[in-house]
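Engineer: Chains as they are written, first to last, in the working numbering: chain A, 1 to 359; chain B, 1001 to 1359. Cβ coordinates follow ideal geometry from the N, Cα and C atoms, glycine included.
There are 2 protein chains.
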Amino acid sequence: MDERVREHAEILVDWSARVEPGDDVVVSVGPEAHELAVAVAEALGERGANLLATYSSGELQRAYLQAHDGEFDEADHELALAREADVYLSLGGGRNTSATADVPGEARNAYREARQDIREARYDTRWVSTVHPTRSLAQQATMAYEEYQEFAYGAIIRDWESLAAEMDRVKEILDAGSEVRLVSGDTDLTMSIADRTAVNSAASVAYDSHNLPSGEVFTAPAETEGEVVFDVPMTIRGESVRGVRLEFADGEVVDYGASEGEDVIGDVLETDDGARRLGELGIGMNRDIDRYTDNILFDEKMGDTVHLALGRAYDACLPEGESGTASAVHVDLITDVSEDSRLEVDGEVIQRNGRFRWE
Amino acid sequence: MDERVREHAEILVDWSARVEPGDDVVVSVGPEAHELAVAVAEALGERGANLLATYSSGELQRAYLQAHDGEFDEADHELALAREADVYLSLGGGRNTSATADVPGEARNAYREARQDIREARYDTRWVSTVHPTRSLAQQATMAYEEYQEFAYGAIIRDWESLAAEMDRVKEILDAGSEVRLVSGDTDLTMSIADRTAVNSAASVAYDSHNLPSGEVFTAPAETEGEVVFDVPMTIRGESVRGVRLEFADGEVVDYGASEGEDVIGDVLETDDGARRLGELGIGMNRDIDRYTDNILFDEKMGDTVHLALGRAYDACLPEGESGTASAVHVDLITDVSEDSRLEVDGEVIQRNGRFRWE
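(1) Using 8 Å as the threshold, is the C-beta distance between B:R1004 and B:I1157 below it?
(2) Just the C-alpha distance for A:G105 and A:L137, rounded to the nearest angstrom, thanks.
(3) Tell me which same chain residues have a C-beta within less than 8 Å of the C-beta of A:D340, skipping the five on either side of it?
(4) What first and last residue would you give for the beta strand (DSSP E) that runs through B:D1336?
(5) Could you check whether B:G1022 and B:G1421 sit closer than 8 Å to each other, using their CB atoms as the reference points?
(6) Hey, which unbroken runs of the beta strand (DSSP E) at 3 residues or more fall wholly within the region 178–203 of chain A?
(7) Flag this pair as yes or no: are the beta carbons of A:V331 and A:V180 separated by less than 8 Å?
(8) Counting pairs of beta carbons, one from the region 1195–1203 of chain B and one from the region 1165–1172 of chain B, are three or more of them closer than 8 Å?
(9) Suppose you measure from the CA of B:N1295 to the CA of B:R1237; what does that come to, to the nearest Å?
(10) Hey, is the region 61–71 of chain A in contact with the region 23–41 of chain A, meaning 3+ C-beta pairs nearer than 8 Å?
(11) For the region 219–289 of chain A, which segments carrying the beta strand (DSSP E) assignment without a break, of at least 3 residues, lie completely within its bounds, in sequence order?
(12) Have a look at A:L89, A:E84 and A:L310 and flag the residue whose alpha-carbon is nearest the alpha-carbon of A:A39.
(13) With H, G and I counted as helix, E and B as strand and the rest as coil, what does DSSP make of A:A75?
(14) Strictly under 8 Å for the Cβ-Cβ distance: is A:V38 near chain B by that measure?
(15) What are the residues in the region 1043–1054 of chain B lying within 7 Å of chain A by C-beta distance?
(16) Under 9 Å between beta-carbons, which chain B residues line up against A:H77? List them in chain order, please.
(17) Just the Cα atoms here: how many angstroms apart are A:P319 and A:D195?
(18) Classify A:T134: buried if its beta carbon has 16 or more other beta carbons within 10 angstroms, exposed otherwise.
(19) Can you give me, in chain order, the residues of the region 1101–1129 of chain B that have a beta carbon less than 7 Å from any beta carbon in chain A?
(20) Between the alpha carbons of A:I350 and A:L343, how many angstroms are there, rounded?
(21) 8 Å is my cut-off, CB to CB: does B:A1041 come that close to chain A?
(22) How would you label B:S1214, buried or exposed, when you count the other beta carbons within 10 angstroms and need 16 or more for buried?
(23) DSSP three-state label for B:I1350, please.
(24) Once DSSP output is grouped into helix, strand and coil, what is the label at A:N109?
(25) Using the C-alpha atoms, what's the distance from A:A82 back to A:S209?
(26) Excluding the 5 residues flanking B:D1188 on each side, which residues of the same chain have their C-beta closer than 7 Å to its C-beta?
(27) Would you identify the three-state DSSP class for B:E1010, choosing helix, strand or coil?
(28) Whose Cβ in chain B lies nearer than 9 Å to the Cβ of A:S90?
(29) Any contact of the region 261–276 of chain A with the region 298–307 of chain A, i.e. 3+ C-beta pairs under 8 Å?
(30) Below 8 Å on the Cβ atoms is my contact criterion, and I expect B:A1220 with B:A1313 to pass it. Report the Cβ-Cβ distance as a whole number of Å.
(31) Could you give the first and the last residue of the continuous beta strand (DSSP E) run that contains B:A1138?
(32) Using a Cβ cut-off of 8 Å (strictly closer), state whether B:V1241 contacts chain A.
(33) Taking Cβ-Cβ distances shorter than 9 Å, what residues in chain A pair up with B:L1012?
(34) With 8 Å set as the bound, which would you pick, yes or no: does the beta-carbon of A:D2 sit closer than that to a beta-carbon of chain B?
(35) State the start and end residues of the unbroken beta strand (DSSP E) segment that holds B:R1126.
(36) Given a threshold of 16 other Cβ atoms within 10 Å of its Cβ, counted over all protein chains shown, does B:S1016 qualify as buried or as exposed?
Here is the structure:
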C-alpha cells in the first residue's frame, strides 16, 4: 500500500475525527475508495473502534432514484444507524463523477427532503468528508492520475496545526465584526454577520470542521443584499455550471442567471425556502490548493477565493438555540478574489486582491 | 447490463425476499457485486422499498481484525440498523475468496461472539444470501468465467415453484420421522429428528429458506451417534479442507480428524459448546448444481449429496420455544451419497445411491 494512503487514513481518524476506543463508526465507501477504506479499517481496529462500512455508489443511487415513483419514506433503519453512530467518515471516490447526471432534480430533491432527519442525525456525529484520489477525480481536474495524487495528498497530508493558527486571525476579525462587504468585478454584496461565530476550519471536528482537506474560515451570513458573480467554474449534480449570477434582496435570491447550467441553479433554488438564502460565507486559505480541480471539497479551500453557499447553515456558526438557514441543500459557489477585489469587515479592508492586510 | 443480472435481482427481491413497498432493506454489497447491486437497487426503487447499502469486503475485514487487540465490543449502531431492518440481502462477491485467510481463528471467533445480537437481529429479518458470479468464484470453482456464469445463473434463474413441490415429498417424510441413519463408505451416523420440522428450502423466505440458489431439505438433528466422513472437498475460512472425519457420542463431537485442514476444524470446534453439536442435516436436491464448485452456497444444494453443519440450528426447524444448538458458528460439511450409500428414516430407506425411492 502507498504510504500516503495510510497517512491519509491516520490524519482522518486521529486529527480529523478524534476517534476513541469504543466509538461506533460508520465508514461510507465509494466504489473506488476501497484502498483508503482498508487503511481506515486498519486504523479503526488499532484504536478499538467499532466499524460498519456502507457503500456509496452514484450508479446505485441513480438506478434507485430512476426506478422510484418519487414518494419517498424516511428509512427508519438508516435513521437508527445514524442516531447510534458516534463518528461518520465519508470516503468519496467513484468511477464517474457524472454517475447521477441524468437523475431529474425533482427526484433528487424529493429524496433529500425525505432524508432530513437522517442528515441531521449524521450532523450530530463527529462527521468528516474526504475523498480517495481516483482516476475519475483526476479526469474531472483535467490532470494525470499521478499528478492528481501529488496534488490531493499535498492538500491533505500537511501541518494542520500551523494552518489553524493562521486561520485564527481571520476568525477573530469575523467574530468581532457585524457586516461583510465583498467587491469584485460585477460583485457588490453586503451580508450581516452580527452575533455569528466563524469556524476556523482546520480539518478537525475539534475545530467544528468536517472536511479533509479543509483550510477555510467560514460563517453564516444573513440579510444579504446586492449582486454576486461566481467566476470559478463548477460541476453541480453532474452538470457544468459557469458564470452564476445571484441577486439578493432582504436576504433572498430575487433573480439569477448563469452562462452555463442555469437549470441546475433553478433546481437548487426551488428545493425549499432555505435554498434561496445564503447558509455560508467562506474564505479559502489552503494555499497548497493552488489550482482549480472542479471538486468543491478542494476548490472552496483554494487560496485567494471566497465562496458562498445556498441553503443550509452550520449550527456552529449560529447563536445557541437559533436556527439559521434550514434547507435540504448546501450548494457552494466560488469566486476568485485574486484581482480587482476587496473584502471589508465593518468598512475596513481585510483582504485586497487575495492578500490579507497583514501580508 | 446482462439481462441475467436483472433476472437474478428480480428473483432475489420478489421470489426470495418478498419485498413490499416501505420495507427497510439493507443490501450488503461485495466489492465485485456492484453490477448486481445496481440491478437490486433498481428493483427496490420500483417496489418503493427503502435502501441502505453496506460494504462487505474481506480485505477491510482482515485489516480491521488484524489491527484490533481482540477485545471487541458489540457495535450499537450496527445493532440498531439490524433491529430496524425488515429485509437483509447479502450480495457476495469479492476479488479473492482467500482475502481473510491469514486472520487467526481466535480473532475471528472473538469478533463473531461479540456480534451475536447483531446476527440474531439479522436472522429476524427476511434475510437472503446470494452471490454475484465473479471471476474469483470462477477461479475457486476451477472454471472459466463465462462457463461459471452459465453454471451460476442456471442454478439461480429457474422454476422455483416446481422444485418446491418435489422437495415437499422429502419434507413430509422427515416431518413424520423420528430417526435418520446415514450409511456411506466409512460413515454410519444416526440422529434424532423427533419433533423437528424440516424446511423445504426453495430459495424464499416464504419457505423459511434464505439462500439463493437453494434447493435442499434440511432439519435440525439431535442426539447424534456414530461416525461420519465428508468426502466433498471444501474451503473453510480461506483454507482447504479435505476428508473431515467426525465421531459423535451423546450428540457431541468426541474425536475428529482431517486429511487436510485439521486446524481449521479444530478452530471451529473450539468456538463454543454449540460448535461441537450438529445444527443441521441437509439433503441436496438442486440437480442444476451438477458439479462441485468449492462454494458452500452451491455445493450443499448439489443433487446426490448430504451435508451436516456444526453449530447453529435454524429456529424454523425447532419446536416453538425450544432453543436448539446455540452457537456463533454454522459450518457445513458435505458428503457424496451417489454411490454405496443409503439414507434411512425410521429404518426405511428413502434414498439409495442418490436416488429417492420414488425415482
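Structural biologist: Let me spell this out:
(1) Yes, they are a contact pair.
(2) Distance between the alpha carbons of A:G105 and A:L137: 23 Å.
(3) Closer than 8 Å at Cβ, skipping near neighbours: S184, G185 and N353.
(4) Per DSSP, B:D1336 belongs to the beta strand (DSSP E) from H1330 to D1336.
(5) One cannot answer for residue 1421 of chain B here, as it falls past the ends of chain B, which runs 1001 to 1359.
(6) Taken in chain order, the whole beta strand (DSSP E) runs of length 3 or more contained in the region 178–203 of chain A are 179–184, 187–192 and 199–201.
(7) The answer is no: Cβ separation not under 8 Å.
(8) Touching, yes.
(9) When the Cα atoms are used, B:N1295 and B:R1237 turn out to be separated by approximately 11 Å.
(10) No, the region 61–71 of chain A does not touch the region 23–41 of chain A.
(11) Qualifying beta strand (DSSP E) stretches, in chain order: 222–230, 234–236, 239–241, 244–249, 252–257 and 278–284.
(12) Nearest C-alpha to A:A39: A:L89.
(13) In this structure, A:A75 counts as coil in the three-state DSSP scheme.
(14) It does: the Cβ of A:V38 has a partner Cβ on chain B nearer than 8 Å.
(15) Answer set for the region 1043–1054 of chain B: L1044, G1045, E1046, G1048, N1050, L1051, L1052, A1053 and T1054.
(16) Correct list: D1024, V1025, V1026, N1050, L1052, A1080, L1081, A1082, R1083, E1084, A1085 and D1086.
(17) Spanning the two alpha carbons is a distance of roughly 6 Å.
(18) When all chains shown are included, A:T134 counts as buried.
(19) Within the region 1101–1129 of chain B, no residue has a Cβ that lies closer than 7 Å to any Cβ of chain A.
(20) Pairing A:I350 with A:L343, the inter-Cα distance amounts to about 6 Å.
(21) B:A1041 counts as touching chain A.
(22) Classification of B:S1214: buried, given that the 10 Å Cβ count is 16 or more.
(23) When secondary structure is reduced to three states using DSSP, B:I1350 falls in the strand class.
(24) Shown here, A:N109 sits in a helix according to DSSP, grouped into three states.
(25) Approximately 19 Å between the Cα atoms of the pair.
(26) Residues of the same chain with a CB within less than 7 Å of the CB of B:D1188, apart from the 5 flanking positions on each side, are G1226 and E1227 in chain order.
(27) B:E1010 falls in the helix class under three-state DSSP.
(28) Chain B residues near A:S90: none, gap ~12 Å exceeds 9 Å.
(29) Inter-segment contact for the region 261–276 of chain A and the region 298–307 of chain A is absent: fewer than three beta-carbon pairs are separated by less than 8 Å.
(30) Yes, B:A1220 and B:A1313 are in contact; Cβ-Cβ is about 4 Å, under 8 Å.
(31) Bounds of any beta strand (DSSP E) do not take in B:A1138; it lies within the alpha helix (DSSP H) bounded by R1135 to Q1140.
(32) Not an interface residue.
(33) Against B:L1012, chain A offers no close residue; the least beta-carbon distance is about 14 Å (beta-carbon pairs closer than 9 Å).
(34) So, not an interface residue.
(35) Bounds of the beta strand (DSSP E) holding B:R1126 are R1126 to V1131.
(36) Taking all protein chains in view, the Cβ of B:S1016 is crowded by 16 or more other Cβ atoms within 10 Å, so the residue is classified as buried.
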